[in-house]
Amino acid sequence: MYPALQQIIDNPAASLAIVGNLIIIESLLSVDNAAVLATMVGDLPREQRQKALRYGIIGAYVFRGLCILFASFLIEFWFLKPLGGLYLLYLVYSHFKAHKAPEPDDINKEKSWIYRHTLGLFGQFWATVALIELMDLAFSIDNVFAVVAFTDNMILICVGVFIGILAMRLVAQGFVLLMARYPFLEVAAFIVIGILGLKLLLSLFEHYLPNHPFSHFLSSHAAEVGLTGITVAVFLVPLLTSLLFNKPRHQNIRF
């Protein structure tokens, strides 16, 4: 813990930028997550919907906490990083592939093994809650690979992830409107995820050729600063050009 704290003290600006990036990634990805969960509770009685989503929020915190513990193993065992990189690249591929094909408006819970096998035992409400918790776990696994690609500092990971979750819960409607007005931000988020996946995959190079100059660069402070700068640019440059020149185009939605 002391080296992680010392790293923050020695590089406060870089540490703050990393936390900011983690909060942005967590918040933007949570918009999609929240949309999926809202769809899942749509067939519940009105008085049960908020209750089910509340359980979902609790589950999100619990699973994020468990996945942060897993992140410490991810940092220690080198082979988990390239596997995580492949997984992130697969997520990016799946996202852009899905956007090319028409998607159904609703999620068919009846196709879920968890939902079908808990419906008869516990009823519709608890079967939906069980499915929500399963989705929370899946979302948590997605995010933990992304945050570990940014930094191996567990203090920064914990601060960034949990502030991101809290921010998303407090200003969820604002993020929804932001994504609606600037839809390219979702594309930017998945571009960043792709970059992070590539970084994790390159840990193979570091492991097998540790003395190579490129390996030294990948583990250097300059590479960490460069990754942070690229991430900020991926979000900030199109946002600025959209505000100034309306390219990429944004929607005229009032906040």
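In the working numbering, the protein residues as written are 68 to 322. For each residue, glycine too, the CB sits at the ideal point set by N, CA and C. The structure displayed is predicted, hence computed values, not measured ones.
Simplified DSSP state of residue i, which is helix, strand or coil
i	result
R316	coil
Y122	helix
P250	coil
D77	helix
P70	helix
L310	helix
L42	With the chain represented from 68 up to 322, any question about residue 42 goes unanswered, as that position is not in the structure.
V108	coil
F130	helix
N88	helix
F302	helix
Burial state of residue i (16 or more Cβ within 10 Å)
i	result
I90	buried
D77	exposed
S161	exposed
V228	buried
N210	buried
D203	buried
A119	buried
K314	exposed
F217	buried
T308	exposed
K148	buried
F257	buried
L263	buried
Unbroken alpha helix (DSSP H) run spanning residue i, endpoints
i	result
N210	191-217
S282	280-285
F272	270-275
Can we say the region 81-88 touches the region 217-232, given the rule of at least three CB pairs closer than 8 Å?
yes
Should the region 245-262 be regarded as contacting the region 105-115, the criterion being three or more beta carbon pairs within less than 8 Å?
no
So, does the region 191-208 touch the region 248-261, judging by three or more C-beta pairs under 8 Å?
no
Is the region 265-276 in contact with the region 129-137, if contact means three or more CB pairs nearer than 8 Å?
no
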